[in-house]
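Student:
In my numbering, the protein residues as written are 1305 to 1454.
This is the structure we're talking about:
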């Protein structure tokens, strides 16, 4: 490795993630799926030897306590992705991956791509279906969610 894990990782995953961009502290990929247009962010904590693959979105307006129970149920359902609220009150869907200094970049890159897709799938499948069932979402969101892929 050259010493900058995100730079090295970028070279391994740039063909697999749309609109992948590297900033000084993260990799960002664009996903335009059923939920909407989101940015999946990959950050590196060298001290903890970890990568975080995450997306932050606003929680459904007015969802309250039932939404928090829904998030807890997701945490029990998925072993590779977790949900919660960040310090700004946004929904954080994330996967944490071990990234020791001697990590196999090819294998790590494949896992990062898989987790990025899983994070978006949680939004597209689980969150969207919950919002539709519970009556949350703006009229524009609900129309997108109900007709996406038609």
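Heads up, the beta-carbon is just placed ideally off N, CA and C, and yes, glycines get one too.
#1: What are the partner residues of residue 1420, as DSSP defines its beta bridges?
#2: Does the beta-carbon distance from residue 1430 to residue 1378 come in below 7 Å?
#3: Could you check whether residue 1359 and residue 1423 sit closer than 7 Å to each other, using their CB atoms as the reference points?
#4: Please identify the residue among 1411, 1438, 1405 whose C-alpha is closest to the C-alpha of residue 1352.
#5: What does the Cβ neighbour count give for residue 1365, buried or exposed, with the cut at 16 atoms within 10 Å?
#6: Report the option in 1373, 1390, 1391, 1397 whose CA atom is closest to the CA atom of residue 1383.
#7: What is the rounded straight-line gap between the Cα of residue 1340 and the Cα of residue 1408?
#8: Do residue 1345 and residue 1334 come within 7 Å of each other at the CB atom, strictly closer than that value?
#9: If I'm right that residue 1434 touches residue 1374 with Cβ under 8 Å, what's the distance once you round it to whole angstroms?
#10: Name the one or two DSSP bridge partners that residue 1326 has.
#11: I believe residue 1363 touches residue 1395 by the beta-carbon criterion, under 8 Å. Please report the beta-carbon distance rounded to the nearest angstrom.
#12: According to DSSP, is residue 1311 part of a helix, a strand, or is it coil?
#13: Distance check for residue 1312 and residue 1372, CA to CA, integer angstroms please.
Tutor: Inspection of the coordinates gives the following:
#1: According to DSSP, residue 1420 bridges with nothing at all.
#2: In contact: residue 1430 and residue 1378 (Cβ atoms closer than 7 Å).
#3: Yes; because the gap between Cβ atoms is below 7 Å, this pair is in contact.
#4: Among 1411, 1438, 1405, the Cα nearest to that of residue 1352 belongs to 1405.
#5: It counts as exposed.
#6: Nearest C-alpha to residue 1383 among 1373, 1390, 1391, 1397: 1397.
#7: One C-alpha to the other measures close to 33 Å.
#8: One thing to note: residue 1334 has its Cβ no nearer than 7 Å to the Cβ of residue 1345.
#9: Contact between residue 1434 and residue 1374 holds, since their C-beta atoms are separated by about 5 Å, short of 8 Å.
#10: Residue pairing for residue 1326: DSSP places it in a beta bridge opposite 1331.
#11: About 5 Å separates the two Cβ atoms, so the contact holds.
#12: Three-state DSSP puts residue 1311 in a helix.
#13: One alpha carbon belongs to residue 1372, the other to residue 1312, and they sit about 37 Å apart.
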